[in-house]
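Step one of this worksheet: look at the structure below.
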Amino acid sequence: MTSGADSGSITGADIIAGKLHAAGCRHAFGIPGGEVLALMGALDQAGLRFVLVKHENAGGFMAEGGWHADGAPGVLLATLGPGAANAVNVVANAWQDRVPLIFLTGCVSGAEAESYTHQVFDHQQMLRPIVKASFRAELGALDVMMEKAIAIALDGQPGPVHIDVPISVAEAQTSEPWSSNPLPGPAILAPAPGPALQQALTLFAGAKRPIAIAGVDAVNEGAGPEITAFCRKFSIPLVTSYKGKGLLEETDPLALGGAGLSPKADGILLPLINQSDCILLLGYDPIEMRINWRNPWPETAPVIDIAPVLRTHGMHKSSVALRSSVVPALGMLTAARNEEAQSWPDGEPERARAALEVAFAPEASGWGPATVFHTLNQVLPPETVATADSGAHRILVSQIWRSHSPRGMLQSSALCTMGCAVPLAMGHRLVDADKAPVVAFVGDAGLEMCLGELSTLRDLQIPVIICVLVDRCLSLIELKQRASQRPNVGVEFGETDFVAVAQAYGGTGVWVEDAATLAKAAEEALTRPGFTLLACRISDRAYDGRL
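Residues in the sequence shown are numbered from 3 upward in steps of one, following this note's numbering.
What follows is the structure in C-alpha cells.
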C-alpha cells in the first residue's frame, strides 16, 4: 500500500500514473496540451515512456500495437477539446476491435466550465457510445476509479475506457491511500452443466465432418495452443477471421486461412462450411465479417457457439450456445469424442485449401499486388509481424500472408479504418521485447493520411518496413463504383514521390516494379537501423478479379 499521507507530495496525477504502471503499462502515446502537463509528468515519473505523435489517431493505434506486443493495456493521452475529438476514430476502433485502451483526457473543473467555454464541451457525452465506461476523476476516489477502469478495459471482450481528468484533480496534492498491487487476470469461464452442454457434447461426438471457425475472442484468451492441439487431434479444418489468423499456424494443412471480406474466398469456404455436420464457433465474433457472413448457414444448421459473452449480433443462428471461455470448452469436447473418429473422409478440406492457393496465386505476368505479398512472405523471417491498412490490398494480403502465431497480422478488422497500419507497426516494434521484424502494408492514399508519423518513426529509430502499393487510386471504392455501373468519382489522384518523402523524413525509400528488386530491397531493410519504405508501383485496376 502506498499513501500520499507520508510525504504530502503525491498528486492526483501520480495515483493515476501509478495505477497504470501497476497494470503493466510502460508506454503512453499522445500529444500534449496545457491541461495534461501534470498527467504527462506523472506518467514519466511512474515509468511510462511518453511517445509524442503527430495525431491522436496514430497515438491510439501505436498504443494498440504495443498491447499486441506485451499484453498491457494501451494508454492514449489527449488534451481537452480538439485533442479529445481527434481521437474519436481510434477509440471507436478499440471499441469494435476489442482493444483495451485507457484514454486519458484533460479537462477544466466543473465550476470553471460554467463560466469558461473556450474549447470546452462534454467529452464524456461524446465518447460514451464508443467506450465500455467513462469516468471523471475525483480526489478521494482515484484508487477505486483506476481499478474499475483497468478491470473494465480488460474484462470479457476488452475495450476502451475513458477517464476525464480535471486540471485541479491532476495537480492537487492528496493524502488518499492507494494500492500498487497488480489486478488479477481475466476470469476463465467453464461451460455450465445442463442440457445445452450435453447437446453440444453429443453433437460433436457423432460428427463426421466437423469444422471450426475461430476469431478475436480466442486470440484475446490466448487459446491458440489448445485450438491447434484440438484441430490436429481430430483433423478438424480451421477457418479464422482476419484477427484470428495464426491461431493455427497457417502452413498447417488444416488451416484454411482468414475469411470475412473476400468474395472469392467466401465462394470456396462457405460451401465447405455448409457441408459440415458440426460447425464449431470458437470465440468467433462476426463483427469482423461482411455481408456474405450474414446468415451463412440455415437456421437449423448444427452450430455450437462457444463465447465468453452473450452474442447479440443477430448475424446468424446457432443450435447450441455455450457461455464459456474457449479452452475449458475444448477440453470437454475432447473428452466426449473417440480419438479414432474420422473427420472428412472424402478430403473436401484439402481440396478447398488447394483451391484457395490457386485463387490467390501470384500474377501470371510476374508482377502485381499478389506477387508483392507472396514475395515478402517468402523473404521476411517467419516471426515477422505484418500490419495491414484498409483497402483492396488488405483483402488480398490477408488471404496470402501466412501467420505463424496469433497476432502475427494486425489490422482494423471490425471498424476497417484507414491510417492504422503504420502506427500499429510502430507501436508493436517499439514495445516488443523480442524485436521481431515488422512490415506495414498500406495503400498510397492510406499512407498519405499519416505521413507525419514518418517523423515519429524517424525519431524512434526503429526499423519498420513500409510496403506501399502505388496505383494512384482508392481501388476498393473504384471497384465498387464499376460494379454498380457508376462513373469513377473522387477515387483517382496523382502519384506522390514516396521515395523522396521517405528520404526527407530520414528513412530509406526504394521504387519497386519487379519481384527481384523487391526481394533484394526487403533483405537489405532487415539490416538497416532506420525505416525503409518500399514503393511498389502497380498497374491501374491491378485488383480486378483478385478479391
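For glycine and all other residues, C-beta sits at the position ideal for the given N, C-alpha and C. All figures in this text were calculated on a predicted structure; none of them were measured in a lab.
Anticipated Cβ contact below 8 angstroms, I281 with I213, distance rounded: Rounded, the Cβ-Cβ distance is 6 angstroms, consistent with contact.
Contact check, P351 vs G226, beta carbons under 9 angstroms: no
Alpha-carbon to alpha-carbon, I308 and S320: 10 angstroms
Stretch-stretch touch, CB-based, cutoff 8 angstroms, three pairs: the region 253–262 with the region 238–245: yes
For Q175: DSSP bridge partner residues: T13
C-beta contact flag for F443 and H395 at 9 angstroms: yes
Alpha-carbon to alpha-carbon, S400 and G370: Distance between the alpha carbons of G370 and S400: 15 angstroms.
Where E223 sits in the DSSP three-state scheme: helix
Beta-carbon gap between A563 and A172 smaller than 9 angstroms: A question about residue 563 goes unanswered here, because the residues of the chain that appear run from 3 up to 549.
Assumed close pair M317, P288 - CB separation to whole angstroms, cut-off 8 angstroms: 4 angstroms
Touch test, the region 12–23 against the region 171–188, Cβ-Cβ under 8 angstroms, three pairs minimum: The region 12–23 makes contact with the region 171–188: 3 or more CB pairs, one atom from each, lie closer than 8 angstroms.
Rounded C-alpha distance that separates V311 from A423: 29 angstroms
Q277, buried or exposed, once every other Cβ within 10 Å from all chains shown has been counted against 16: exposed
Whole runs of the beta strand (DSSP E) within the region 309–359, excluding any shorter than 3 residues: 322–325
Expected contact under 8 angstroms - CB spacing of A537 and G511 to nearest Å: 6 angstroms
Test item: CB-CB of L78 and A65 under 9 angstroms: yes
Best match in N294, P255, V305 and S136 for proximity to I215 [C-alpha to C-alpha]: The option with the nearest alpha carbon to I215 is V305.
Paired residues, beta bridge with E494 - DSSP: C475
Assigned secondary structure, V122 (DSSP; H/G/I helix, E/B strand, else coil): coil
Sequence-distant residues of its chain with Cβ nearer than 8 angstroms to A372 (five each side left out): F362, A363, P364, E365, L398, I402 and R548
Range of the contiguous alpha helix (DSSP H) that encloses R431: A423 to V433
Cβ pair G509, L456 closer than 9 angstroms: It is a contact, given that the beta carbons lie within the stated cut-off.
As assigned by DSSP and simplified to three states, the class of A506: Residue state for A506 is assigned as helix, using DSSP reduced to three classes.
Residues sharing a beta bridge with T107, DSSP: A80 and D166
7 angstroms CB neighbourhood of P531 in its chain, flanking five on each side removed: Q463 and P465
Contact under 9 angstroms by Cβ, L324 with A521: no
Closest by C-alpha distance to G32, when choosing among L45, F123 and K482: L45
G20, DSSP secondary structure in three states: helix
As assigned by DSSP and simplified to three states, the class of S278: coil
Cβ-Cβ separation, G410 to A388 (assumed contact under 8 angstroms), whole Å: 7 angstroms
K150 versus D157: straight-line alpha-carbon distance, rounded: Roughly 10 angstroms between the two C-alpha positions.
Contact set for A30: own chain, Cβ-Cβ below 6 angstroms, skip 5 residues either direction: Apart from sequence neighbours up to five positions away, the residues of its chain that approach A30 with a beta-carbon distance below 6 angstroms are L45, L50, F52, V77 and L79, ordered along the chain.
Distance, G208 Cα to L240 Cα: The straight-line gap from Cα to Cα measures roughly 19 angstroms.
Proximity of A89 and G421 at Cβ, strictly below 9 angstroms: no
Alpha helix (DSSP H) runs wholly inside the region 225–259, at least 4 long, in chain order: Within the region 225–259, the complete alpha helix (DSSP H) runs of at least 4 residues are 226–236.
Pick from A74, Q98, I169 and L103 that is closest to G43, judged by C-alpha positions: I169
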